[in-house]
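Residue numbers (the numbering used here): 1034 to 1301. Even glycine gets a Cβ: it sits at the ideal position worked out from N, Cα and C. This one's a predicted model, so the numbers in the text were calculated from it and none came from an experiment.
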Amino acid sequence: MTTVETAPTRVEYSTLFTEVTDGIALITINRPDVRNAVNRQVQLDIRAALDRFRHDDSVAVVVFTGAGEKAFVAGADIAQVRAYTLHTALSSDLQRLYDDVEAYEKPTIAAVNGFALGGGCELAMSCDIRIAADTARFGLPETNLSVLPAAGGTQRLARLVGTGRAIEMILTGRLVDAGEAERIGLVTSVVPGSELLDEARKVAGQIMAKGPLAVRLAKLVIRSGMDADQRTGLVVERLAQALLYTTDDKAEGADAFLDKRKPVFRGK
């Protein structure tokens, strides 16, 4: 996908602000006084921002980060957790939001700039790619409050780092630093904090240079295959490839390769 360099477009919400620059939408959760903890308004604002970017053809990749240097998102707002009831859990608002982040049509990157605990770790895990500052720390310490990580934490952590390690981390509430997070597969890369957003933009740029339909379908096939047996996943893969073979972008990609030039993809 080709983009034209433009000045950043900034939009402010109650608990976050967004900036769109050269096809990359940056969502910054902005509650540094409580380490960017997630409350009901944060959820509503994230959903509103994602809905806006979903229909914005100038946005190709969405990046999440936190305001300040201490925290990405340091979990749920405990002041609200005190009032949660059986019905709060059954409504699963945060779990459904993170499901939507995971299934989002456009690639998502978590640029983890500090503590990513509880709901913050779960937000990062729902993104397609996780890049951590070297000062970042991760954990699901909900058992300290006699609850569990129920915004996808029990399921996504096990899929990323393995069942045994996920059980150990959740039952003990142990935090892991950025280096360990990379070793166990919780994050995809670690960089100095001063380079974090530049690295996220670099990765986003690499994605945007590829065929947008191929990117979208690759994400869909991988996510779908994780919830199916391998044979079913291979069928989905084959059908997605068959669809891509009918597109103008496939022909453009092959022609550009043979002509030794950069492809100009149009998402068709």
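1) Relative to the C-alpha of Asp-1090, which residue among Gln-1076, Thr-1054 and Ala-1100 is closest?
2) Run the CB neighbour count on Val-1037, radius 10 Å, all protein chains shown included, and call it buried at 16 or more, exposed below.
3) If you run the structure through DSSP and keep just helix, strand and coil, what is Thr-1051?
4) Grouping DSSP H, G and I as helix and E and B as strand, with all else coil, what is Phe-1290?
5) Start and end of the beta strand (DSSP E) containing Glu-1045?
6) In angstroms, rounded to a whole number, what distance separates the CA positions of Glu-1155 and Leu-1178?
7) Exposed or buried, which one is Gly-1151 when buried takes at least 16 other CB atoms within 10 Å?
8) Provide the residue(s) that pair with Asp-1210 in DSSP beta bridges, ordered along the chain.
9) In chain order, what residues of the same chain have a beta carbon less than 6 Å from the beta carbon of Glu-1232, not counting five sequence neighbours either side?
10) Rounding to the nearest angstrom, what Cα-Cα distance links Gly-1056 and Asp-1133 in this structure?
11) Does Val-1297 come out as helix, strand or coil in the three-state DSSP assignment?
12) Give every residue of the same chain whose Cβ lies closer than 6 Å to the Cβ of Ala-1211, excluding the five residues on either side of it in the sequence, and list them in chain order.
13) Buried or exposed, going by whether 16 or more other CB atoms sit within 10 Å of the CB of Tyr-1303?
14) With C-beta atoms as the reference, is Ala-1143 less than 8 Å away from Arg-1256?
15) Please list the terminal residues of the continuous beta strand (DSSP E) segment that includes Ala-1233.
16) To the nearest angstrom, report how far apart Ile-1217 and Leu-1276 are at their CA atoms.
17) Quick one: Cα of Ala-1273 to Cα of Lys-1301, how far?
18) Which residue spans inside the segment 1075-1153 form an unbroken beta strand (DSSP E) run of at least 3?
19) Tell me the rounded alpha-carbon separation between Ala-1247 and Arg-1294.
20) Using the beta-carbon count (16 or more within 10 Å), is Leu-1049 buried or exposed?
21) Thinking Ala-1184 and Leu-1127 are a contact (beta carbons under 8 Å), I'd like their distance in whole angstroms, please.
22) Might you give, ordered along the chain, the residues of its own chain that have their beta carbon closer than 6 Å to the beta carbon of Asn-1146, omitting 5 neighbours on each side?
From the atom records:
1) For the purposes of this step, residue 1090 is taken as residue 57 along the sequence shown, with counting starting at 1. Checked all of Gln-1076, Thr-1054 and Ala-1100; the closest Cα to Asp-1090 is Thr-1054.
2) In the sequence shown, the residue the question calls residue 1037 occupies position 4. Here Val-1037 scores only 48 on pLDDT, less than 50, and its place in the model should not be relied on; the value that follows carries that caveat. By the 16-neighbour rule on beta-carbons within 10 angstroms, Val-1037 is exposed.
3) Counted from its first residue, the sequence shown places residue 1051 at position 18. Here Thr-1051 sits in strand by DSSP.
4) Translated into positions along the sequence shown, residue 1290 becomes position 257. Here Phe-1290 sits in helix by DSSP.
5) The sequence position of residue 1045 within the sequence shown is 12, counting from 1. According to the DSSP assignment, Glu-1045 belongs to the beta strand (DSSP E) that extends over 1042-1045.
6) Position 122 of the sequence shown, counting from 1, holds the residue named residue 1155. Position 145 of the sequence shown, counting from 1, holds the residue named residue 1178. Those two C-alpha atoms are separated by around 17 Å.
7) Walking along the sequence shown from the start, residue 1151 turns up at place 118. So Gly-1151 counts as buried.
8) Along the sequence shown, read from residue 1 onward, the residue named residue 1210 stands at position 177. Bridge partners of Asp-1210: Arg-1170.
9) Position 199 of the sequence shown, counted from the start, is the residue given in the question as residue 1232. Only Ile-1164 and Val-1224 meet the Cβ criterion.
10) Residue numbering aside, residue 1056 sits at position 23 when the sequence shown is read from its first letter. Residue numbering aside, residue 1133 sits at position 100 when the sequence shown is read from its first letter. If I take the Cα positions, the gap works out to 21 Å.
11) Locating residue 1297 in the sequence shown gives position 264, counting from the first residue. In this structure, Val-1297 counts as coil in the three-state DSSP scheme.
12) For the purposes of this step, residue 1211 is taken as the residue at position 178 of the sequence shown. Only Ala-1165, Asp-1167, Ala-1169 and Val-1223 meet the Cβ criterion.
13) Residue 1303 lies beyond the stretch modelled for the chain, which goes from 1034 to 1301, so this question has no answer here.
14) For the purposes of this step, residue 1143 is identified with residue 110 of the sequence shown, where counting begins at 1. For the purposes of this step, residue 1256 is identified with residue 223 of the sequence shown, where counting begins at 1. Pairing Ala-1143 with Arg-1256 gives a Cβ-Cβ distance that is not under 8 Å.
15) Position 200 of the sequence shown holds residue 1233. First-last for Ala-1233: 1229-1241, but that is the alpha helix (DSSP H), not the beta strand (DSSP E).
16) For the purposes of this step, residue 1217 is identified with residue 184 of the sequence shown, where counting begins at 1. For the purposes of this step, residue 1276 is identified with residue 243 of the sequence shown, where counting begins at 1. Rounded to whole angstroms, Ile-1217 to Leu-1276 spans 35 Å at the Cα level.
17) Taking the first residue of the sequence shown as position 1, residue 1273 is located at position 240. Taking the first residue of the sequence shown as position 1, residue 1301 is located at position 268. Distance between the alpha carbons of Ala-1273 and Lys-1301 is about 14 Å.
18) 1094-1099, 1104-1106, 1141-1145 and 1148-1150
19) Translated into the one-based positions of the sequence shown, residue 1247 becomes position 214. Translated into the one-based positions of the sequence shown, residue 1294 becomes position 261. Taking the straight line joining both Cα atoms gives about 19 Å.
20) The sequence position of residue 1049 within the sequence shown is 16, counting from 1. With 16 or more Cβ atoms within 10 Å of its Cβ, Leu-1049 is classed as buried.
21) Within the sequence shown, the letter at position 151 stands for residue 1184. Within the sequence shown, the letter at position 94 stands for residue 1127. Sure, about 4 Å apart at Cβ, within 8 Å.
22) Counting from one through the sequence shown, the residue named residue 1146 turns up at place 113. Excluding residues within five positions, the ones whose Cβ falls inside 6 Å are Thr-1098, Gly-1099, Phe-1105, Ala-1166 and Leu-1229.
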